[in-house]
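Novice: Supplied in structure tokens, the structure appears directly below.
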Amino acid sequence: MFALSAVCSFIFGAIAGSFIDASAERWGQDKSIMGRSHCVSCGYILKWKDLFPIFSFLALGGRCANCGVNIPKRHLVIEIITGFIFFVIFLSLPLSKYVLVAGAHTDLILLANVVFLWIATSAILIIILSDARFYIIPDIVSISSAMAILAFSFLLDYVIPNISFLSFLATEGTNNVFSRIVPSFGQSLMGATIGALFFFSISFISRGKWMGWGDGKMALFLGALFGWPFVVPVVFASFVLGSIVGIVLMLKKEATMKSLLPFGVFLGISAVFFLIFQNTSGGQIFKFFASSFFAL
Ligand SMILES: [Zn+2]
């Protein structure tokens, strides 16, 4: 059951990767998500057999089924990477080893946690791709995700515990075996507020030169996702990563002090890393110390 679930995780990830790529393409250029997938060269609308992630790409040799134009390798790479990330997220949850052994309630909590982490990761990946390719962090992803997470943590705190057949979803669990992944509503709100204010003040002071306004909206999302104070190490790691990449690019003379790096990419990579790391036993210890250190 464990192996089957792990394989399914990869397949779900590959399917999600195909949507993530398409969403970043359209939202990053401010186009609507509506409309069927089509070939950018000849306008051929993809049929169901062309829509299998990875396999369709390989079966068609990376070419459009109608006009034969080369489809960018990016599609294939993104599908494989997303599949791999979904697979690792599933493995990172301690309960994943006990699918269908631990009991129905525990399985549902595992499923809720896995699906939540997959959706949050998909939103982050759309932002990473959109910022890397078009220097745009789509509001529809950052702001909607922040609002959805705040609503979800509110429901988990105040509504779900009062619904008898759902109340198990809000249980904290013992020994971190299946503790809930979403922070409490208070932590979530505080993380979102402080995260966004921190980035907005950098944008305000520099008039958007050091940091774009989209980064503040992404910090709103990540603050809600990780909660206060755990959002601090996530943001800190993104600055370290951004500085390293900036210095390497300057040494290779591919960037100067004035080059604008898409900071959402670094925030996103750091966030995906911490979403996975926090589920491991080492991550739980790190989270405990980080939370004690930054607690107000
Ligand atoms: Zn075509």
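Counting with our numbering, you get residues -16 to 279 for the letters of the sequence shown. Glycine is no exception: its CB is placed at the ideal position from the N, C-alpha and C atoms.
1. Any heavy atom of ligand 2 inside 7 Å of the beta-carbon of N145?
2. I need the DSSP call for I126, collapsed to helix, strand or coil.
3. Drop a sphere of 10 angstroms on the beta-carbon of A87, count the other beta-carbons inside from all chains shown, and report buried for 16 or more, exposed for fewer.
4. Skipping 5 residues on each side, what residues in its chain have a beta carbon closer than 7 Å to that of G247?
5. On the three-state DSSP scale, how would you describe V217?
6. What number of angstroms, rounded off, separates the C-alpha of V214 from the C-alpha of R46?
7. According to DSSP, is N96 helix, strand or coil?
8. Evaluate contact between the segment 174 to 190 and the segment 231 to 240, counting only Cβ atoms and requiring at least three cross-stretch pairs below 8 Å.
9. Could you check the C-alpha separation between G0 and C22 for me, to the nearest Å?
10. Beta carbon of N53: closer than 7 Å to some heavy atom of ligand 1?
11. My output table needs one value for I28: the three-state DSSP class, helix, strand or coil.
12. Where S242 and L224 are concerned, what is the direct C-alpha to C-alpha distance, given to the nearest angstrom?
13. So the alpha helix (DSSP H) I3 belongs to, where does it begin and stop?
14. Please give the ranges of any alpha helix (DSSP H) in the segment 189 to 270, keeping only runs that are unbroken, at least 4 residues long and fully inside the region.
15. How many Å lie between G266 and N53 at the Cα?
16. Can you look up R46 in the DSSP assignment and give me helix, strand or coil?
17. Identify the residues that DSSP records as bridge partners of N53: which are they?
18. With a 10 Å radius around its C-beta and 16 neighbouring C-beta atoms as the bar for buried, classify G44 as buried or exposed.
19. Under the assumption that I61 contacts I3 (Cβ atoms under 8 Å), give the Cβ distance between them as a whole number of angstroms.
20. For V255 versus L244, is the C-beta spacing smaller than 8 Å?
21. Using the Cα positions of V(-10) and K80, report the straight-line distance between them to the nearest angstrom.
22. Measuring only the C-alpha atoms, how far is A106 from F148?
23. Taking just the CA atoms, how far does M194 sit from H58?
24. Going by other Cβ atoms of all chains shown within 10 Å of its Cβ, with 16 needed for buried, is N145 buried or exposed?
25. Could you tell me the distance, in whole angstroms, from the CA atom of V218 to the CA atom of C25?
26. Could you tell me if K30 is buried or exposed, where buried requires 16 or more neighbouring beta carbons within 10 angstroms of its beta carbon?
27. Report yes if the CB atom of P216 is closer than 8 Å to the CB atom of A129, and no otherwise.
28. Within the present structure, is the beta-carbon of S221 separated from the nearest heavy atom of ligand 1 by less than 7 Å?
29. Nearer than 7 Å: is that true of the beta carbon of S75 relative to any heavy atom of ligand 1?
30. State yes or no: is the C-beta of F151 within less than 8 Å of the C-beta of I92?
Specialist: Quick look at the numbers:
1. Of the ligands this structure carries, namely ligand 1, none is ligand 2.
2. In this structure, I126 counts as helix in the three-state DSSP scheme.
3. A87 sits exposed, since fewer than 16 C-beta atoms from the chains shown fall within 10 Å of its C-beta.
4. Within the same chain, and ignoring the five residues on either side of G247 in sequence, the residues whose Cβ sits closer than 7 Å to its Cβ are I110, I111, D114, I120, G197, D198 and M201.
5. Secondary structure at V217: helix, using DSSP grouped into helix, strand and coil.
6. Whole-angstrom Cα-Cα distance: 42 Å.
7. Under the three-state reduction of DSSP, N96 is assigned to helix.
8. No, because fewer than three Cβ pairs between the segment 174 to 190 and the segment 231 to 240 fall closer than 8 Å, the two stretches do not touch.
9. When rounded, the distance between both Cα atoms is 18 Å.
10. Shortest gap from the CB of N53 to any heavy atom of ligand 1: 7 Å or more.
11. In the three-state scheme derived from DSSP, where H, G and I count as helix and E and B as strand, I28 is classed as strand.
12. If you take the alpha carbons of S242 and L224, they lie about 16 Å apart.
13. Per DSSP, I3 belongs to the alpha helix (DSSP H) from F(-15) to W10.
14. Along the length of the segment 189 to 270, whole alpha helix (DSSP H) runs at least 4 residues long occupy 196 to 209, 214 to 234 and 246 to 260, reported in chain order.
15. The straight-line gap from Cα to Cα measures roughly 42 Å.
16. Residue state, collapsed to three classes: strand.
17. R46, per the DSSP bridge assignment.
18. Its Cβ having fewer than 16 others within 10 Å, G44 is exposed.
19. Right, their Cβ atoms sit about 7 Å apart.
20. 8 Å or more divides the Cβ of V255 from the Cβ of L244.
21. Going from the Cα of V(-10) to the Cα of K80 covers about 13 Å.
22. Here the C-alpha atom of A106 lies approximately 30 Å from the C-alpha atom of F148.
23. Between H58 and M194, the alpha-carbon positions lie close to 29 Å from each other.
24. So N145 ends up on the exposed side.
25. Going from the Cα of V218 to the Cα of C25 covers about 43 Å.
26. Exposed, by the Cβ-count rule.
27. When the beta-carbon positions are compared, P216 and A129 stay at least 8 Å from each other.
28. The closest heavy atom of ligand 1 lies 7 Å or more from the beta carbon of S221.
29. Outside the cutoff, so no.
30. It is a contact, given that the beta carbons lie within the stated cut-off.
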